[in-house]
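Position 91 of the sequence shown, counted from 1, bears residue number 105 in my numbering, the numbering being contiguous throughout.
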Amino acid sequence: MDLLQSSATIIRANQAETGAYLASPSFPAYRYAWFRDGAFAAYAMDLLGEHDSSGRFHDWAARTVLHHAGKVTANGAGILCARYTAAGEEVNLPWGEYQLDGYGIWLWSLARHLEITGRRALPAAWREAADHVADYLLARWQAPCFDCWEEYGDRVHISTLAAVHGGLGAIASWLDRPDLPAALHAIRAFILENRAAPGHFPKFLGTDAVDASLIWLATPFDVLPTDHPGIQDTLHRIVSDLQVGTGLHRYPWDSYYGGGLWLPATGFLGWHLARTGERRQAWAALDWLAAQAGESGALPEQVPEHLLVPAAYREWLERSGPVATPLLWSHAMYIILRSALAAPARPG
Ligand code: BGC
C-alpha cells in the first residue's frame, strides 16, 4: 500500500469514537490524546479531504477544553493538560503536563480546518473553547512551561512562543477579540528581542543552542518571513548542528532513546524547504521519512541512528520497549510534506 494511504489508514484506525487521536497505539505511555500531535493529525486529514475525521477531533478538543476550563483561574492557577484520555479525562500519572504549544497548535489547526472546509463562521462550542484558549495563552505566554518535547519546564521556549503566536494569529479573524493584535505584536517583539543579534534564535532563553522545533518560527506558524535573517541563521545552525545525512536530531544533547533522528523534526525541515522552493532537498526529506517505514507501513517517532548518547538507548529499550511505532504525528508529517510537494513534477 502506498505510504500516503497507509498513513491515512493508521490515523483513522487510531481515532477514538470520541474524536480523539491516540498518539501511538503500541507504546503504553502514548495511548493518550495530545493536543499537539492531534492538531497536526487533523491538519493532515484535512489535506486529504477527510474533514469528518478532523471535525470530530476539533469537537473532542473543544469539549475537552470546556470540560476543564473551570480549573484555570485568572490569577494563573490551574492548567490545561498536554494530553488527555480518549474520553477527555486527565491522566493521573506524573508528567510535565503544563505545555502551552499544543494549545497554540490547536488554534492554528482549527483555523486551517475552517478555511479548508470553507466555513463562514465558528460553531458555538468551538468559538467558546477557542476564546478560553486565547485567554489562557494571553495570560501565560511569557512565563516558563514545558516545551514541545515535554522537557525544561522552568524555561521559556522560543518554539512554544512561535506556536502560541501562530495559533492566536491564525484564529484572530474568527474571534471577536480586539485584544489580539497588540498581544501578537508583543509576542513577536519578545521573540525578536531574544535573538542572538545578529544570529540565530535559541532553543530557550539563556542558551545558545538551537532546537529543530525553531523551524516553527517560519513553517508553519509564519511568525517571521522565511527570508528574515534570524530565520536564515537559525536554519543554518539547525542544519549544521542537528542534521546527519538527511535526518534531524531534536537538539544537541538529546538522550531520549539515545537521541536518534526524529521523523517529526525531519518532516518540519522538509515542509520548510518545500515552502521555500528547495524542492530537491524537500524530496530527500520525504524519501527519508518513507525509508523509515517498516513492512507494515508504520512510521516510528525516531530511528536509533547516529545516537547522541548510545548508552541511553539501551536503558530506554529495557525500560519501555521499542520506540513508539506507529506514531500518528510521523504519519501526519509524511502526509503534510507530501502534500506540500504535490503538483509539479519531481526534479530529475
Ligand atoms: C514528544 C512529544 C509528543 C509525545 C507524544 C513525546 O515524547 O516529545 O513531542 O507530543 O511524545 O507523541
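Just so it is clear, CB atoms sit at the ideal spot from N, CA and C, and this is done for glycine as well.
Same chain, Cβ closer than 8 Å to residue i, neighbours up to 5 away in sequence not counted
{"i": "residue 350", "result": "54, 57, 58, 61, 281, 285"}
{"i": "residue 276", "result": "226, 261, 262, 263, 264, 315, 316"}
{"i": "residue 119", "result": "49, 50, 53, 54, 177, 180, 181"}
{"i": "residue 250", "result": "214"}
{"i": "residue 128", "result": "136, 188"}
Neighbourhood of residue i by C-beta, 6 Å cutoff - its chain only, sequence neighbours within 5 removed
{"i": "residue 347", "result": "278, 281"}
{"i": "residue 112", "result": "93, 159, 160"}
{"i": "residue 256", "result": "226, 262, 263"}
{"i": "residue 287", "result": "295, 296"}
{"i": "residue 186", "result": "194"}
{"i": "residue 359", "result": "Because the pLDDT at residue 359 is just 46, under 50, the model does not fix this residue reliably, and the value given afterwards should be weighed accordingly. Cβ within range, chain order: n/a, list empty."}
{"i": "residue 168", "result": "158"}
{"i": "residue 340", "result": "24, 312, 313"}
{"i": "residue 327", "result": "271, 272, 318, 321"}
{"i": "residue 401", "result": "What the structure shows of the chain is the stretch from 15 to 362, and residue 401 is not part of that stretch, so it cannot be assessed."}
{"i": "residue 331", "result": "none"}
Test item: CB-CB of residue i and residue j under 8 Å
{"i": "residue 170", "j": "residue 219", "result": "yes"}
{"i": "residue 142", "j": "residue 80", "result": "yes"}
{"i": "residue 3", "j": "residue 352", "result": "This structure cannot settle anything about residue 3, because the visible part of the chain is limited to 15 through 362."}
{"i": "residue 155", "j": "residue 201", "result": "yes"}
{"i": "residue 116", "j": "residue 160", "result": "no"}
{"i": "residue 232", "j": "residue 38", "result": "no"}
{"i": "residue 235", "j": "residue 299", "result": "no"}
{"i": "residue 121", "j": "residue 147", "result": "yes"}
{"i": "residue 273", "j": "residue 20", "result": "no"}
{"i": "residue 243", "j": "residue 212", "result": "yes"}
{"i": "residue 318", "j": "residue 271", "result": "yes"}
{"i": "residue 313", "j": "residue 344", "result": "yes"}
{"i": "residue 174", "j": "residue 215", "result": "no"}
{"i": "residue 224", "j": "residue 205", "result": "no"}
{"i": "residue 293", "j": "residue 355", "result": "yes"}
{"i": "residue 342", "j": "residue 25", "result": "yes"}
{"i": "residue 269", "j": "residue 322", "result": "yes"}
{"i": "residue 76", "j": "residue 140", "result": "yes"}
{"i": "residue 210", "j": "residue 222", "result": "yes"}
{"i": "residue 65", "j": "residue 131", "result": "yes"}
{"i": "residue 258", "j": "residue 320", "result": "yes"}
{"i": "residue 172", "j": "residue 217", "result": "yes"}
Residues that DSSP places opposite residue i in a beta bridge
{"i": "residue 242", "result": "Answer is none; residue 242 lacks a bridge partner."}
{"i": "residue 97", "result": "48"}
{"i": "residue 35", "result": "29"}
{"i": "residue 275", "result": "317"}
{"i": "residue 218", "result": "171"}
{"i": "residue 262", "result": "257, 276"}
Neighbourhood of residue i by C-beta distance below 7 Å, restricted to the same chain and skipping five residues each side
{"i": "residue 45", "result": "36, 39"}
{"i": "residue 101", "result": "32"}
{"i": "residue 104", "result": "95, 98"}
{"i": "residue 15", "result": "311"}
{"i": "residue 91", "result": "none"}
{"i": "residue 124", "result": "72, 140, 144, 185"}
{"i": "residue 135", "result": "none"}
{"i": "residue 302", "result": "260, 261, 280"}
{"i": "residue 114", "result": "151, 154, 155, 159, 174, 178"}
Below-8 Å beta-carbon distance, residue i vs any chain B residue
{"i": "residue 269", "result": "As a matter of chain content, chain B is missing from the structure shown, which is built from one protein chain."}
Measuring CB atoms only, is the region 149-156 touching the region 178-186, in the sense that at least three cross pairs come out at less than 8 Å?
Yes, since at least three Cβ pairs between the region 149-156 and the region 178-186 fall closer than 8 Å, the two stretches touch.
Taking 8 Å as the cut-off, does the region 27-44 touch the region 63-71 (at least 3 CB pairs, one atom from each stretch)?
A contact exists between the region 63-71 and the region 27-44.
Across the region 300-314 and the region 237-246, are there enough close Cβ pairs to call them in contact, namely three or more that are closer than 8 Å?
Result no; under three Cβ-Cβ pairs closer than 8 Å.
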